[in-house]
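Numbering (my numbering), first residue to last: 3 to 149. Backbone N, C-alpha and C fix where the C-beta goes; we use that ideal spot for every residue, glycine too. Below: the structure, in C-alpha cells.
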Amino acid sequence: MKNFIKTDYNLQSILFSLFFIFLVLDIWVFGSFISAVIYFLIALNHIISSNKRFFSKQYIKTIWFTVYYWISMIFMLSLLSLFLLSALPLKNDYSINFRYGILCFGLFGTPVLAISYYIICYIDYQKLNLIQTTNENPEKSHPDLRQ
3 MKNFIKTDYN LQSILFSLFF IFLVLDIWVF GSFISAVIYF LIALNHIISS
53 NKRFFSKQYI KTIWFTVYYW ISMIFMLSLL SLFLLSALPL KNDYSINFRY
103 GILCFGLFGT PVLAISYYII CYIDYQKLNL IQTTNENPEK SHPDLRQ
C-alpha cells in the first residue's frame, strides 16, 4: 500500500499540474479542449484509485475518504444512468429534472470532489513521509495506514 500511496499522490500531482497548464494554454493560446481530456483522465484515475483504496484490506478508510467515495460513486452511477436514459425517448418532467440535476452537480460538484481526493492523497502521503522520517512502526503510530 505504501508504493500505491506514493505513486497515486505523484500521479495526482502530475495530472493536476497538466490540467492547469493546459487550461491556461486552452484559454489563451489554443482555444481547444485538451484540458477537458485531461480532466476526464483525472476522473478515470480517481475512479480506479478510490476503488483500489476502498476495497484494500491494508488501507483503513477515514471518514473523509468514505464520504468522498460514496458521493463520487453515487455521482458516477447517476452519470452512467444519464447516458443510458439518453438513449430512451423519455420526455417527462422527472427525466428532464434528473438530467439537469446531474449536469449541475457535474459542473459544480466534480471540481470539489477532485480537490477533495487530491487532499486525501496528500494527507496519506504526508502520513507516510512522517512514518518514514521518524522510523516508527506504521501499524502502531498511524492507524490510517498499514503496511
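Residue span of the alpha helix (DSSP H) that contains Q14, given as start and end: First-last of the alpha helix (DSSP H) with Q14: K4 to L27.
Using 8 Å as the threshold, is the region 42 to 49 in touch with the region 105 to 122, meaning 3 or more CB pairs across them? The region 42 to 49, when compared against the region 105 to 122, does touch it at the 8 Å Cβ threshold.
Alpha-carbon to alpha-carbon, D126 and Q134: Rounded to the nearest angstrom, the two C-alpha atoms are 12 Å apart.
Span of the alpha helix (DSSP H) holding K54? For K54, the enclosing alpha helix (DSSP H) stretches over residues I36 to F57.
Flag this pair as yes or no: are the beta carbons of R101 and L84 separated by less than 9 Å? Yes; because the gap between Cβ atoms is below 9 Å, this pair is in contact.
Report the rounded CA-to-CA distance for A60 versus L130, giving the unit in angstroms. Strictly speaking, residue 60 in this sequence is Gln, with Ala absent from that position. When rounded, the distance between both Cα atoms is 13 Å.
In angstroms, rounded to a whole number, what distance separates the CA positions of K4 and L25? K4 and L25: Cα-Cα distance of roughly 31 Å.
Could you give the DSSP three-state label for P140: helix, strand or coil? Unreliable positioning characterises P140 in this predicted model, as indicated by a pLDDT of 49, which lies under 50. The coordinate reading is nonetheless provided below. DSSP, read as helix, strand or coil, puts P140 in helix.
Could you work out which residue in N99, G33, D95 and I122 is closest to F56 when comparing CA atoms only? The shortest C-alpha to C-alpha distance from F56 to any of N99, G33, D95 and I122 is the one to I122.
Tell me the rounded alpha-carbon separation between L27 and M78. Answer to the nearest angstrom: the Cα atoms are 28 Å apart.
Alpha carbon of Q150 to alpha carbon of Q128, nearest angstrom: This structure does not reach residue 150, given that the chain is present from 3 up to 149, and the question cannot be answered.
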